[in-house]
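Q:
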Amino acid sequence: MRLWILFFVMSCLPFSVFAELPLGQVPPLIELSGDQGGRINGESWSSSELKGRVFALFYADPDEADLNNAASEAIKAEDFDKEKFGSVAVINMAATWLPNFAIQMKLESKQQDYPNTVYVKDMDKILVQS
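With the numbering used here, letter number 47 in the sequence shown gets 47, and the count goes up by one each step, no holes.
As structure tokens, then:
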């Protein structure tokens, strides 16, 4: 079952995601804080947190965020060991016409539904540009 979930999550990603980073190369460090974004509680977030476990990283347009619900629910249902698996949802805040306060409210609601997922706001498409 876990292999099917992994296959499903990976098949939902565009292949261009894999094109930029050669196997074995460490990706550049990315930090989101202040006006650039960060966690929904206002704290900064760094890609250096993505180590030591397997992570599912969702990079979502707020207008299309519900497209990830099936994958999120499947991961939640598996109840993976928190010491070995984590998930991060980075929200591309610059990709929508929705006001930031409305997205913030939605993210706070999502955080209650998925308490083990780290929600991060990317205000300036920093992850897209890196």
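Ideal placement from N, C-alpha and C gives every residue a C-beta, glycine not left out. These figures come from a predicted structure and were not determined experimentally.
I think S44 touches G38, with their Cβ atoms under 8 Å apart; what is that distance to the nearest whole Å?
A: Mapped onto the sequence shown, residue 44 falls at position 44. Mapped onto the sequence shown, residue 38 falls at position 38. Between G38 and S44 the Cβ distance is about 5 Å, and since that is below 8 Å, they are a contact.
Q: Could you compute how far the alpha carbon of K84 sits from the alpha carbon of Y59?
A: The sequence position of residue 84 within the sequence shown is 84, counting from 1. The sequence position of residue 59 within the sequence shown is 59, counting from 1. Looking at the two C-alpha atoms, the distance is approximately 21 Å.
Q: Expressed to the nearest angstrom, what Euclidean distance is found between the alpha-carbon atoms of V90 and K106?
A: Start at 1 with the first residue of the sequence shown, and residue 90 comes out as number 90. Start at 1 with the first residue of the sequence shown, and residue 106 comes out as number 106. Rounded to whole angstroms, V90 to K106 spans 13 Å at the Cα level.
Q: For K82, which residues in the same chain have their Cβ closer than 8 Å to its Cβ, ignoring the five residues on either side in sequence?
A: Numbered from its first residue, the sequence shown carries residue 82 at position 82. If we look at K82 and ignore the five residues flanking it on each side, its Cβ neighbours are N116.
Q: Which ranges would you report for the beta strand (DSSP E) in the stretch 53-87 if only whole runs of at least 3 residues count?
A: List check, beta strand (DSSP E) in window: 54-60.
Q: For V62, does the count of other Cβ atoms within 10 angstroms reach 16, so buried, or fall short, so exposed?
A: The residue given as residue 62 occupies position 62 in the sequence shown. The question names Val, but residue 62 in the sequence shown is Pro. Classification for P62: buried.
Q: Evaluate L32 with the Cβ neighbour count: other Cβ atoms within 10 Å of its Cβ, from every protein chain shown; 16 or more gives buried, anything less gives exposed.
A: By one-based count along the sequence shown, residue 32 stands at place 32. So L32 ends up on the buried side.
Q: Please name the residue in G24, I126, F101 and D79 whose C-alpha comes closest to that of I40.
A: Residue 40 sits at position 40 when you count from the first residue of the sequence shown. Ranking the options by Cα distance to I40, first place goes to F101.
Q: So K110 and M93 are in contact, right, with Cβ under 8 Å, and what is the actual spacing, rounded?
A: Translated into the one-based positions of the sequence shown, residue 110 becomes position 110. Translated into the one-based positions of the sequence shown, residue 93 becomes position 93. At roughly 14 Å, the Cβ-Cβ gap does not stay under 8 Å, so K110 and M93 are not in contact.
Q: Relative to the alpha-carbon of Q129, which residue among V26, P22 and I30 has its alpha-carbon at the smallest distance?
A: Walking along the sequence shown from the start, residue 129 turns up at place 129. When each option's Cα is compared against that of Q129, the closest is I30.
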